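Student: The structure that follows is given in the form of structure tokens.
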Amino acid sequence: MLYKDEAVVLRTMRLGEADRIVTLVGRNNGKVRAVVKGVRRTKSRFGGRLEPFSYVSLVLWRGKSDLHTVTQAEVLEPFRMVKEDLDLLSLGSVMLEACDRVAQESEASSRVLNLLIESLHRLSYDGSPLVLAGFLLQLSSIAGFAPSMNRCAECGRPASWFSPGQGGAVCPGCRSSDAEEVGTAVLELMSDLAVPPTATPRPTSRLPSADEEAMAGRLARFYTEYHLERRLKSAAAAEALARF
Ligand SMILES: [Zn+2]
Numbered sequence: 000m001l002y003k004d005e006a007v008v009l010r011t012m013r014l015g016e017a018d019r020i021v022t023l024v025g026r027n028n029g030k031v032r033a034v035v036k037g038v039r040r041t042k043s044r045f046g047g048r049l050e051p052f053s054y055v056s057l058v059l060w061r062g063k064s065d066l067h068t069v070t071q072a073e074v075l076e077p078f079r080m081v082k083e084d085l086d087l088l089s090l091g092s093v094m095l096e097a098c099d100r101v102a103q104e105s106e107a108s109s110r111v112l113n114l115l116i117e118s119l120h121r122l123s124y125d126g127s128p129l130v131l132a133g134f135l136l137q138l139s140s141i142a143g144f145a146p147s148m149n150r151c152a153e154c155g156r157p158a159s160w161f162s163p164g165q166g167g168a169v170c171p172g173c174r175s176s177d178a179e180e181v182g183t184a185v186l187e188l189m190s191d192l193a194v195p196p197t198a199t200p201r202p203t204s205r206l207p208s209a210d211e212e213a214m215a216g217r218l219a220r221f222y223t224e225y226h227l228e229r230r231l232k233s234a235a236a237a238e239a240l241a242r243f
């Protein structure tokens, strides 16, 4: 069956002499793995259209196997700036990898795809690592594990510590031994980053310092990695159990 979808290419892998397998996050079909035939030949009609970061409109063929086949591809946005700048490339690569782990097969991923496209646009004109931090926090929320940032995740009291394992911000009374003291300015910054940017930002008492920005970025990444890892482990455990 032929079908259309819009997608961002997350990664690619060689297949034999001339073909390639691309992993995509699609608007209607979630995560899809598809073969692109003859893409590595010099006269390929796909050329460089199906590279990581490219936002594309596709026609695909779905047969009996999980592996679909790309029959047509048109680039909607190549995100060339992200591909060509090493700093942006490394920030953007973390976004692609996180999407790869959050998106599920045959589950519409419009919210994940929209967030990814918007974040890659922002990365192109504002190369700040905070764009990545905001992306990861918003992705956590879409995936259902948003951290607590204003109040203690355990008791709801004002918080100034942070612990990924406890679900984000924690108060001095509830903190576990792996919690880190971060202060309220960092937590406020993270809570601002966790919502999509709007035309009228919340008035803040002062701009965050470079150290606070760096810490917010590190915590956002640490938190998301911790929870993605845990999800992968529990999915693997559920799969192992299902075999019995
Ligand atoms: Zn508490």
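Residue numbers for the sequence shown follow numbering that gives the first Met the number 0, so the first one is 0 and each next one is one higher.
We put the CB at the ideal spot given by N, CA and C, even for glycine.
As the structure is a computational prediction, the values presented were derived from the model and not from experiment.
#1: What I want to know is whether the C-beta of Cys170 ends up closer than 7 Å to one or more non-hydrogen atoms of ligand 1.
#2: Which whole runs of the alpha helix (DSSP H) in the segment 124-206 are 4 residues long or more, in chain order?
#3: Under three-state DSSP, which class holds Met0?
#4: Can you tell me whether Asp4 is buried or exposed? The criterion is at least 16 other CB atoms within 10 Å of its CB, across all chains shown.
#5: Checking 8 Å against the spacing of the C-beta atoms, do Ala145 and Gln165 come in under that value?
#6: Check whether the segment 31-41 and the segment 120-131 touch, using three or more Cβ-Cβ pairs below 8 Å as the test.
#7: Which value, in whole angstroms, describes the spacing of the CA atoms of Ala132 and Val194?
#8: Does DSSP put Asp18 in a helix, a strand or coil?
#9: Does the beta-carbon distance from Ala107 to Asn27 come in below 8 Å?
#10: Excluding sequence positions up to five away, which residues of its chain have a Cβ less than 6 Å from the Cβ of Ser56?
#11: Please classify Pro157: is it buried, with 16 or more other beta-carbons within 10 angstroms of its beta-carbon, or exposed?
#12: Quick one: does the C-beta of Glu106 sit closer than 7 Å to a heavy atom of ligand 1?
#13: To the nearest angstrom, report how far apart Leu119 and Leu112 are at their CA atoms.
#14: Given that a residue counts as buried once 16 or more other Cβ atoms are within 10 Å of its Cβ, and exposed if not, what is Pro171?
#15: Do you know offhand how far Arg110's Cα is from Val31's?
#16: Helix or strand or just coil, what does DSSP make of Glu73?
#17: Assuming Thr70 and Leu1 form a contact by the criterion Cβ under 8 Å, report the distance between their Cβ atoms to the nearest whole angstrom.
#18: Taking DSSP as the reference, what is the three-state secondary structure of Val7?
#19: What first and last residue would you give for the beta strand (DSSP E) that runs through Gly29?
#20: Using DSSP's beta-bridge definition, name the partner residues of Val111.
#21: Any idea if Trp60 is buried or exposed, counting beta-carbon neighbours within 10 angstroms, 16 or more meaning buried?
#22: Report yes if the C-beta of Glu153 is less than 7 Å from at least one heavy atom of ligand 1; otherwise report no.
Tutor: This is what the structure gives:
#1: Checking the Cβ of Cys170 against ligand 1 gives yes.
#2: Entirely contained in the segment 124-206, the alpha helix (DSSP H) runs reaching 4 residues are, in chain order, 128-141 and 183-192.
#3: Three-state DSSP puts Met0 in coil, outside helix and strand.
#4: Counting other Cβ atoms within 10 Å of its Cβ, Asp4 reaches 16 or more and is therefore classed as buried.
#5: No; because the gap between Cβ atoms is not below 8 Å, this pair is not in contact.
#6: Between the segment 31-41 and the segment 120-131 there are fewer than three inter-stretch CB-CB distances shorter than 8 Å, so the stretches are not counted as touching.
#7: In a straight line, the C-alpha of Ala132 is about 11 Å away from that of Val194.
#8: Asp18: strand per DSSP, three-state reduction.
#9: For Ala107 and Asn27, yes; Cβs fall inside 8 Å.
#10: Once the five neighbours on either side are set aside, the close Cβ partners of Ser56 are Glu5, Glu73 and Leu75.
#11: Counting every other CB atom within 10 Å of its CB across the protein chains shown gives Pro157 a total below 16, marking it as exposed.
#12: No, Cβ of Glu106 sits at least 7 Å from all heavy atoms of ligand 1.
#13: Roughly 11 Å separates the two Cα atoms.
#14: The residue is exposed, with fewer than 16 neighbouring Cβ atoms inside 10 Å.
#15: Taking the straight line from one Cα to the other gives about 16 Å.
#16: Three-state DSSP puts Glu73 in a strand.
#17: Rounded, the Cβ-Cβ distance is 7 Å, consistent with contact.
#18: DSSP, reduced to helix, strand and coil, places Val7 within a strand of the structure shown.
#19: Run containing Gly29: Gly29 to Val35, per the beta strand (DSSP E) assignment.
#20: Looking at the DSSP assignment, Val111 forms no beta bridge with any residue, so it has no partner.
#21: Classification for Trp60: exposed.
#22: With a threshold of 7 Å, the Cβ atom of Glu153 counts as near ligand 1, since some heavy atom of the ligand is closer than that.
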